[in-house]
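Participant:
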Amino acid sequence: MARCSKCGRRAVVKLRYARMNLCAEHFTQYFEKRVKDAIVKYGLVSSGESVLAAVSGGKDSAALLPPLIKAADELGFKVVPTHLDLGLGEYSRECLEAVRRLTRALGVDAVVVDVKAAIGAGVADLAEASGKPPCSVCGVVKRYFLNAAALEWGVDAVATGHHLDDLALYALKNILLGELMGAAKLAPRVEGGEGFLARRVRPLYEVGERECLVYAIVKELPFTRTACPNTYIGSLDATIKQFLLNIDERHPGLKLRFMRSLARLARSLRPSPAAGYGRCPECGMPSRGGVCGFCRLTKSVLGEAAGRRVRNYLRSLRPTLTNPA
Ligand code: SF4
Ligand code: ZN
Ligand code: ZN
Numbered sequence: 003m004a005r006c007s008k009c010g011r012r013a014v015v016k017l018r019y020a021r022m023n024l025c026a027e028h029f030t031q032y033f034e035k036r037v038k039d040a041i042v043k044y045g046l047v048s049s050g051e052s053v054l055a056a057v058s059g060g061k062d063s064a065a066l067l068p069p070l071i072k073a074a075d076e077l078g079f080k081v082v083p084t085h086l087d088l089g090l091g092e093y094s095r096e097c098l099e100a101v102r103r104l105t106r107a108l109g110v111d112a113v114v115v116d117v118k119a120a121i122g123a124g125v126a127d128l129a130e131a132s133g134k135p136p137c138s139v140c141g142v143v144k145r146y147f148l149n150a151a152a153l154e155w156g157v158d159a160v161a162t163g164h165h166l167d168d169l170a171l172y173a174l175k176n177i178l179l180g181e182l183m184g185a186a187k188l189a190p191r192v193e194g195g196e197g198f199l200a201r202r203v204r205p206l207y208e209v210g211e212r213e214c215l216v217y218a219i220v221k222e223l224p225f226t227r228t229a230c231p232n233t234y235i236g237s238l239d240a241t242i243k244q245f246l247l248n249i250d251e252r253h254p255g256l257k258l259r260f261m262r263s264l265a266r267l268a269r270s271l272r273p274s275p276a277a278g279y280g281r282c283p284e285c286g287m288p289s290r291g292g293v294c295g296f297c298r299l300t301k302s303v304l305g306e307a308a309g310r311r312v313r314n315y316l317r318s319l320r321p322t323l324t325n326p327a
């Protein structure tokens, strides 16, 4: 049985890239410190700011929330846990239940943003009526709601539970497809545009999927193990995923080095997501030309561009952002 490199107790995880085995207590400390260090190193959120934390009900965002809240207490920023109920039937009900159990366990409140309540249709309805793939509809809806929520609530950034493995896969895919600026937007911090595009931050940038899972299990965090029924891994994604697993096996630490250099590259390139965007004439949100994707989608399915309706709905949910004294 492997022993903890710090205290000699039974180890629960072997971190090959760090050449350490850690017990539950030391792994918890290590994971939380890695997240806090990433927040500080990459300047994700500063003292006095606030961050919307997107909590899906899955293990990754469950693993994001406690270290983010801890870092917020230590560094002096505010966290607004937010769950987007996408309207994907039983799966969404399970996710919501997991988020409720998680936030209850952590003693925090989550704002629940219900897509169906906002516009009268969920992602499943929109996908069926438009004939578009559910994940592409879901992507449009998620991006729109999270960005609009951040703007309506006046929070400074949106934090998501994307971890090192997710991001390395997307980055490598972008590079292989020749989308270098796309890869640069997978940085830990992606700037927004004043008043219409929120800053996006990725506090789990330097921790991998297995670490998130071990942390969630060790901390007994509630999360759903049910996968979305629409989960689909394309053949290029599957190939890259396997390639990254092989890299991990033979060269532990290389993936982290790759993503750290991508973060440096992104900083020097300073990709601005606001560049090339105009404002949607229907709702005032970012658009690459004319009516935004969300207003176009809802207009074609519901007969009405629903952007403004969403913004009003979100305004009605606006949480209090003052830090407790
Ligand atoms: Fe949305 Fe597709 Fe993810 Fe399901 S698998 S949550 S539909 S993006
Ligand atoms: Zn230990
Ligand atoms: Zn719009």
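Heads up: the sequence shown begins at 3 in our numbering, then just goes up one per residue.
For every residue, glycine included, the Cβ atom is placed at its ideal position computed from N, Cα and C.
In terms of DSSP beta bridges, what is G195 paired with?
Facilitator: G195 pairs with L199.
Participant: Starting from A56, follow the beta strand (DSSP E) in both directions and report where the run begins and ends.
Facilitator: Residues 52 to 56.
Participant: What residue range does the beta strand (DSSP E) around V37 cover?
Facilitator: It is not in any beta strand (DSSP E) - V37 instead sits in the alpha helix (DSSP H) that spans 26 to 43.
Participant: Does the distance from the C-beta atom of P83 to that of A100 stay below 8 angstroms?
Facilitator: It is not a contact, given that the beta carbons lie outside the stated cut-off.
Participant: Between which two residues does the beta strand (DSSP E) holding D329 run?
Facilitator: With the chain represented from 3 up to 327, any question about residue 329 goes unanswered, as that position is not in the structure.
Participant: Label I235 either buried or exposed according to how many other C-beta atoms from any shown protein chain fall within 10 Å of its C-beta, with 16 as the threshold for buried.
Facilitator: So I235 ends up on the exposed side.
Participant: As a quick check of your reading: which residues have a C-beta less than 5 angstroms from at least one non-hydrogen atom of ligand 1, in chain order?
Facilitator: Counting every residue whose Cβ lies closer than 5 angstroms to a heavy atom of ligand 1, we get P136, C137, C140, C230, N232, T233.
Participant: In chain order, what residues have a CB nearer than 7 angstroms to some heavy atom of ligand 3?
Facilitator: Taken from the N-terminal end onward, the list reads C282, E284, C285, M287, S289, V293, C294, F296, C297, A307, G309.
Participant: Got a sec, what are the start and stop residues for the alpha helix (DSSP H) V220 sits in?
Facilitator: From DSSP, the alpha helix (DSSP H) with V220 extends over 211 to 220.
Participant: What is the DSSP secondary structure of M22, counted as helix, strand or coil?
Facilitator: M22 falls in the strand class under three-state DSSP.
Participant: Looking at the secondary structure, which residues open and close the beta strand (DSSP E) in which V113 lies?
Facilitator: Element bounds for V113: 113 to 116.
Participant: Using a threshold of 7 angstroms, is the CB atom of H28 nearer than that to any non-hydrogen atom of ligand 2?
Facilitator: Within the cutoff, so yes.
Participant: Under 8 angstroms between the Cβ atoms of D62 and L246?
Facilitator: Their beta carbons are not under 8 angstroms apart, which means D62 does not touch L246 by this criterion.
Participant: If we call anything under 8 angstroms between Cβ atoms a contact, is E211 one with H165?
Facilitator: Yes.
Participant: Go to I64, then tell me how far its alpha helix (DSSP H) extends in each direction, as first and last residue.
Facilitator: Here residue 64 is Ala; the residue named in the question, Ile, does not match the sequence. Where A64 is concerned, the enclosing alpha helix (DSSP H) stretches over 61 to 77.
Participant: Taking the alpha-carbon positions, what's the L316 to A170 distance?
Facilitator: Looking at the two C-alpha atoms, the distance is approximately 32 angstroms.
Participant: Can you find a heavy atom of ligand 2 that lies under 7 angstroms from the Cβ of L17?
Facilitator: Every heavy atom of ligand 2 is 7 angstroms or more from the Cβ of L17, so no.
Participant: Would you say the segment 89 to 96 touches the segment 225 to 232, given that touching needs at least three Cβ pairs under 8 angstroms?
Facilitator: Yes: at least three Cβ pairs fall under 8 angstroms.
Participant: Look up A151 in the DSSP assignment and say whether it is helix, strand or coil.
Facilitator: Three-state DSSP puts A151 in a helix.
Participant: Cutting at 6 angstroms between CB atoms, please list the residues of its own chain near R191, excluding the five before and the five after it.
Facilitator: Once the five neighbours on either side are set aside, the close Cβ partners of R191 are Y44, L46, V203.
Participant: Sort L215, E208, G280, L238 by Cα distance to R259 and report the nearest one.
Facilitator: Comparing Cα positions, the closest option is E208.
Participant: In its own chain, which residues sit with a C-beta less than 8 angstroms from the C-beta of C9, not counting the 5 before and 5 after it?
Facilitator: Taken in chain order, the residues that qualify are C25, E27, H28.
Participant: At 4 residues or longer, what runs of the alpha helix (DSSP H) sit wholly inside the segment 239 to 314?
Facilitator: The qualifying runs are 256 to 271, 295 to 304.
Participant: Should V115 and A129 be called a contact, given that it needs their Cβ atoms to be closer than 8 angstroms?
Facilitator: Going by C-beta atoms, V115 is not nearer than 8 angstroms to A129.
Participant: Tell me the DSSP bridge mates of A330?
Facilitator: Any question about residue 330 goes unanswered here, given that the chain covers just 3 to 327.
Participant: For M287, tell me which candidate among V110, F33, V143 has the shortest Cα-Cα distance.
Facilitator: The option with the nearest alpha carbon to M287 is V143.
Participant: Under the rule that 16 or more other beta-carbon atoms within 10 Å means buried, what is S94, buried or exposed?
Facilitator: It counts as buried.
Participant: Does DSSP put V101 in a helix, a strand or coil?
Facilitator: DSSP places V101 in helix when its eight states are reduced to three.
Participant: Rounded to whole angstroms, how far is the Cβ of E34 from the Cβ of K72, which I believe are closer than 8 angstroms?
Facilitator: Yes, they are in contact, since the Cβ atoms of E34 and K72 sit about 6 angstroms apart, within 8 angstroms.
Participant: Expressed to the nearest angstrom, what Euclidean distance is found between the alpha-carbon atoms of W155 and R320?
Facilitator: Answer to the nearest angstrom: the Cα atoms are 5 angstroms apart.
Participant: Considering just the uninterrupted stretch of the beta strand (DSSP E) at V15, what are its terminal residues?
Facilitator: 15 to 17 is the extent of the beta strand (DSSP E) around V15.
Participant: Check for me: the alpha helix (DSSP H) holding L169 runs from which residue to which?
Facilitator: Unbroken alpha helix (DSSP H) run through L169: 166 to 178.
Participant: Under 8 angstroms, do L267 and L188 count as touching if we go by C-beta distance?
Facilitator: In this structure, L188 does not lie closer than 8 angstroms to L267 by Cβ.
Participant: Taking the CB atoms as reference points, tell me whether Y279 and L199 lie closer together than 8 angstroms.
Facilitator: In this structure, L199 lies closer than 8 angstroms to Y279 by Cβ.
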